[in-house]
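First the structure, in the form of C-alpha cells, and then the observations on it.
Numbering (our numbering), first residue to last: 33 to 716.
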C-alpha cells in the first residue's frame, strides 16, 4: 500500500518516536482530573502495516491541537498499542497514552523513610522517574510540612504510596503538558494553578456566533457533604494531653452540620491536630459546589483556573478551578478534502468548583493494612539498645536496604507508674511485631520467638517439663535463671544468680523446710538480728570452723580430747562420748575462737565437763573468783605449781584447822593438834 500521509497544516497532529507522519492523527478522546491520572486514547493512521511496537511502547507520544487561543498539547507515555484494521488509506492503530506517574503504579515496593517531610519523601520517590519528563515533576508548594519520624511504604505501588501521602497532607496534583513531555505539578494552594482567563458562555443555539473559545452548556449543582469533622488521637509520650479537635463547615442548608468523628486522627499533638482536622473538613466540604460545562475550550484542562463571562447565568463573573475534563477531537479523513475541514471537530466537558472553595483532595487511596503479626530481628548498637521508653529497633524481613524500623514500643506483662515488668529484647533476637490498627507506621513488639540460630535454653523435647526464665550476662559470660521442673517426683524450683542475690522483706518472712536443708557459703556469712534470735534443734547441732568436712573434724579432733580426759566419761558411765542420741551440740574450731560477753555469762552442765588445753591455759578475773566443789577436787600437776597471793592466803579445813599467811610474813597455824613430821627442820 503506497499511501502518502501528511499532517502538515492540519489542526490536529500526532508526534511519536517513530518519526514524522509515520503515525498521523485520526481521532483523540481522553480525560484528565485534578489529583488523578489522565488517560488519552488516540486513533492513528499509518502507511506501515507492521509497526515496531517495541520501539513505541514506553515512549512519549504527543497530540497537538491548534485552537483559537493557541496550540494545546496532550503528552503521555504509550502504555498500549494495537492494530485495529486496514483501509484504502492505510492501517489504523489505537494508542493509549498515560502519564509517567502511571508507570509508578507498575512498581510495588516496601521501604522505610526516617525523619523526612512529605516533600522529601516524594522527591526521593520521584527521583527514579526523573528521566521521564523535562522536568518530570515540579513542587509548587507553599505550606510547611512536619518532619515525620517514621513512614512506611508497605506492599503498595509507588503510585499508591505517593498519592496516599499527598492526600494525607492536603497536596493536589495536575499535569502540565508540552510536546514530547509532561510534568507532574504538586500544589497546596489555588494560587499555584495557572489561570487561562475568561471564557464566554453562549447558549448552544447561538454558540456558532462566538469568536473565541466558549462554553455552550453551564449547570451549577450542590451536594450534601459532611458538615463537620471531629478527631482525636493518643501520644504515649504525653498520655494526659488533650487531643480532641474539631472543625465546623460553612454549609447553611438544613443538613449542613452532619459530623464525622474518627480515631486515630494521625497526629501527635493538638497543634498538628488542628491542621489535620482542617484538611479533613476541607476534603469533605470541597465536594459541595460543582459547575458542569461543555464547549470548545481546548486550552482548558484539569488543574487550571478559568472565569466565566458572556450571557448571564448563575456563577457569571466568578473564577473556577477545573476538577475534571474530557476531550473529543475528530480529524477529517485523509484524502476526503481540505485539511482545514476539521476546524470545529473538537468539543469538551468540564467539572469545576469555585476557586474560593477548599481544594484539598479527598482521601481515596486505600491505606495498606498489615494482616496479622510479623516477626523481625532486633538490631542496634552493642548487645542491648533501647531508649528511655524501652523502645527498640528491629529489621523486618522485607527490609532489603537495612533501613530498620522506628523505635518500637515493647509490650510488657505489666506497666505501671514506676512499677511493672521490664524485659528488653536484645540484639539478634527474633521478635513478634504487631501493628496498631494494622497501620505499618505503628509497630508494637509483643513477644519473642526462638529460631534455628537462637535455640531454647534446654534441649527439647527432652526437657519439655521445664519452664524457665533465663537471662544472659551483658558484656560477659553467665546468666541469671528462675526455673521450674514439673516432672512428677522431680518437681523443683531452681534459682541461679550469676553474681549477687539480694532479698528485701519489709515485714515478716516465714520459711518451712519439711525435710533436709543444705546451705553452703563459699566465703563469709554475717547475720544481724535487731531483736531476739531463737533456734530450736530437736536433734543434734554441730558447728565446725575450718576447712575439713564437719563430721570428720569433730570426730578426729574430739577423739584426742577424750583420750586425754576420757576418765570423766568413765566415771559418768557414758560408754560412747560421740553418741548421746538426740539433743547434742558439737562445736569444732580449727584455729582460734574468741568470745566477748558484755555483762554476764553462765553455763550449766548437767553431767560432766572436760577441758583439754594442748599448751597454755590462762584465766584472769578482774575482782572476785569463787570455786565451789560439792564433792572432791583433785589437782594433778606434772611438774611445778606456783601460787602467788598479793596480801593474804588462808586455808580452812572444817571448823578447827586453819593456815594463814600474810604479806608481812606472818604464818599462823591453828588446830586442835598440830603434828610436824619431817626428816629435818632447819631454823635460821
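Glycine residues also receive a C-beta, built at the ideal position from the N, C-alpha and C atoms.
Discussion item. Quick check: the Cα distance between residue 337 and residue 386, rounded to an integer number of angstroms?
Written reply: Translated into the one-based positions of the chain shown, residue 337 becomes position 305. Translated into the one-based positions of the chain shown, residue 386 becomes position 354. Between the C-alpha atoms of residue 337 and residue 386 there is a straight-line separation of about 9 Å.
Fill in: Nearest-angstrom Cα separation, counted from residue 280 out to residue 441
Here residue 441 refers to the residue found at position 409 of the chain shown. Here residue 280 refers to the residue found at position 248 of the chain shown. C-alpha separation (whole angstroms): 35 Å.
Worksheet item: Under a three-way DSSP split, which group does residue 485 fall into?
Response: To locate residue 485, count along the chain shown from 1; it is residue 453. Residue state, collapsed to three classes: coil.
Worksheet entry | Top-ranked residue by Cα proximity to residue 115, from 109, 76 and 447 | The residue you call residue 115 lines up with position 83 of the chain shown. Ranking 109, 76 and 447 by Cα distance to residue 115 puts 76 first.
Item to complete: Taking residue 435 as the reference, give the member of 468, 181, 282 and 86 with the closest Cα.
Response: Numbered from its first residue, the chain shown carries residue 435 at position 403. Ranking 468, 181, 282 and 86 by Cα distance to residue 435 puts 181 first.
Worksheet item: Of the choices 691, 502 and 693, whose alpha-carbon is the least far from that of residue 510?
Response: As a working mapping, residue 510 is identified with position 478 in the chain shown. The shortest Cα separation from residue 510 among 691, 502 and 693 belongs to 502.
Fill in: Between the CA atoms of residue 424 and residue 350 - distance to the nearest angstrom
Working through the chain shown from its first residue, we reach residue 350 at position 318. Working through the chain shown from its first residue, we reach residue 424 at position 392. Using only the alpha carbons, I get a separation of about 56 Å.
Worksheet item: Buried or exposed: where does residue 575 fall if 16 or more other Cβ atoms within 10 Å of its Cβ makes it buried?
Response: By 1-based counting over the chain shown, the position of residue 575 is 543. The residue is exposed, with fewer than 16 neighbouring Cβ atoms inside 10 Å.
Discussion item. Restricting to Cα atoms, I'd like to know which of 623, 340 and 89 is closest to residue 129.
Written reply: Within the chain shown, residue 129 is the residue found at index 97, counting from 1. It is 89 whose Cα lies nearest to the Cα of residue 129.
Item to complete: Can you give me the Cβ contacts of residue 98 inside the same chain, cut-off strictly under 7 Å, excluding the 5 residues immediately before and after it?
Response: Looking up residue 98 in the chain shown gives position 66. Excluding sequence neighbours, residue 98 sits near 43.
Item to complete: Check the Cβ-Cβ distances between residue 468 and every residue of chain D, and say whether any is below 7 Å.
Response: Among the chains in the structure shown there is no chain D, since it carries only a single protein chain.
Worksheet entry | Segment limits, beta strand (DSSP E) that includes residue 294 | Along the chain shown, read from residue 1 onward, the residue named residue 294 stands at position 262. Residue range 291-294 is occupied by the beta strand (DSSP E) that includes residue 294.
Practice prompt. Indicate whether the contact test is met: 3 or more Cβ pairs, each with one atom in the stretch 51-68 and one in the stretch 325-339, closer than 8 Å.
Written response: yes
Worksheet item: Anyone know if the C-beta pair for residue 252 and residue 347 falls short of 7 Å?
Response: Reading the chain shown from its first residue, position 220 is the one you call residue 252. Reading the chain shown from its first residue, position 315 is the one you call residue 347. Closer than 7 Å, so yes.
Worksheet item: Looking at the structure shown, is residue 109 part of a helix, part of a strand, or coil, going by DSSP?
Response: Indexing the chain shown from 1 puts residue 109 at position 77. Residue 109 falls in the strand class under three-state DSSP.
Worksheet item: Quick one: what does DSSP say residue 430 is sitting in, helix, strand or coil?
Response: As a first step, residue 430 must be located in the chain shown, where it is residue number 398. If DSSP states are grouped into helix, strand and coil, residue 430 belongs with coil.
Worksheet item: Does the beta carbon of residue 689 fall short of 6 Å from some heavy atom of the ligand NAD?
Response: Annotation note on the ligand NAD: not contained in the displayed structure, which lists no ligands.
Practice prompt. Just the C-alpha distance for residue 366 and residue 152, rounded to the nearest angstrom, thanks.
Written response: Residue 366 sits at position 334 when you count from the first residue of the chain shown. Residue 152 sits at position 120 when you count from the first residue of the chain shown. Cα to Cα, the separation comes out at about 50 Å.
Worksheet item: Is residue 138 buried or exposed, if buried means 16 or more other CB atoms sit within 10 Å of its CB?
Response: Position 106 of the chain shown, counted from the first residue, corresponds to residue 138. Per the 10 Å Cβ criterion, exposed.
Worksheet item: What residues are listed by DSSP as bridge partners for residue 384?
Response: Walking along the chain shown from the start, residue 384 turns up at place 352. For residue 384, which the question treats as bridged, DSSP gives the partners 323 and 354.
Fill in: Opening and closing residue of the beta strand (DSSP E) in which residue 216 lies
Along the chain shown, read from residue 1 onward, the residue named residue 216 stands at position 184. Taken as a continuous stretch (DSSP letters only), the beta strand (DSSP E) holding residue 216 covers 213-219.
Worksheet item: Looking at the structure shown, is residue 371 part of a helix, part of a strand, or coil, going by DSSP?
Response: For the purposes of this step, residue 371 is taken as residue 339 along the chain shown, with counting starting at 1. Confidence at residue 371 is low in this model, with a pLDDT of 48, below 50, so its placement is unreliable and the value that follows should be read with caution. Helix.
Discussion item. If I follow the unbroken beta strand (DSSP E) through residue 666, where does it start and stop?
Written reply: To locate residue 666, count along the chain shown from 1; it is residue 634. It is not in any beta strand (DSSP E) - residue 666 carries neither H nor E in the DSSP assignment.
Worksheet item: Which stretch, first to last residue, makes up the beta strand (DSSP E) that contains residue 550?
Response: Within the chain shown, the letter at position 518 stands for residue 550. Per DSSP, residue 550 lies in no beta strand (DSSP E) segment and is marked neither H nor E.
Practice prompt. Please name the residue in 513, 534, 536 and 531 whose C-alpha comes closest to that of residue 525.
Written response: The residue given as residue 525 occupies position 493 in the chain shown. Per the Cα distances, 513.
Worksheet entry | Three-state secondary structure assigned by DSSP to residue 400 | The residue you call residue 400 lines up with position 368 of the chain shown. It is coil, neither helix nor strand.
Worksheet item: Taking residue 519 as the reference, which of 126, 504 and 496 has the closest Cα?
Response: To locate residue 519, count along the chain shown from 1; it is residue 487. Taking only the C-alpha atoms, the option nearest residue 519 is 496.
Item to complete: Buried or exposed for residue 374, please, with buried defined as at least 16 other CB atoms from any protein chain shown within 10 angstroms of its CB.
Response: As a first step, residue 374 is located in the chain shown; it is residue number 342 there, counting from the start. In this prediction, residue 374 scores a pLDDT of 49, lower than 50, which makes its location untrustworthy; the coordinate-derived value is nonetheless stated afterwards. It is buried - the Cβ of residue 374 has at least 16 other Cβ atoms within 10 Å.
Fill in: Of the residues 93, 146 and 624, the one placed nearest residue 577, counting alpha carbons only
Residue mapping note: residue 577 aligns to position 545 of the chain shown, counting from 1. Nearest C-alpha to residue 577: 624.
Worksheet item: Straight-line CA distance for residue 692 to residue 706?
Response: Taking the chain shown and counting its residues from 1, one reaches residue 692 at position 660. Taking the chain shown and counting its residues from 1, one reaches residue 706 at position 674. Whole-angstrom Cα-Cα distance: 14 Å.
Worksheet item: Are there 16 or more other CB atoms within 10 angstroms of the CB of residue 631, so buried, or fewer, so exposed?
Response: What you label residue 631 is simply residue 599 of the chain shown in a count that begins at 1. By the 10 Å Cβ count, residue 631 comes out exposed.
Discussion item. Please identify the residue among 296, 357 and 342 whose C-alpha is closest to the C-alpha of residue 324.
Written reply: Counting from one through the chain shown, the residue named residue 324 turns up at place 292. Selected option, being the one with the closest Cα: 357.
Worksheet item: Between which two residues does the alpha helix (DSSP H) harbouring residue 743 extend?
Response: The structure shown does not extend to residue 743, since the chain is modelled only from 33 through 716, so no value can be given for it.
Practice prompt. Check whether the Cβ atoms of residue 184 and residue 147 sit closer than 7 Å, and answer yes or no.
Written response: By one-based count along the chain shown, residue 184 stands at place 152. By one-based count along the chain shown, residue 147 stands at place 115. No, the pair does not count as a contact, with Cβ atoms beyond the cut-off.
Item to complete: With residue 684 as the anchor, note down where its beta strand (DSSP E) starts and where it stops.
Response: As a first step, residue 684 is located in the chain shown; it is residue number 652 there, counting from the start. Per DSSP, residue 684 is one residue of the beta strand (DSSP E) stretching across 680-685.
Worksheet item: Nearest to residue 655 by CA position, among 49, 678 and 619, is which residue?
Response: By 1-based counting over the chain shown, the position of residue 655 is 623. Cα-wise, what sits closest to residue 655 is 678.
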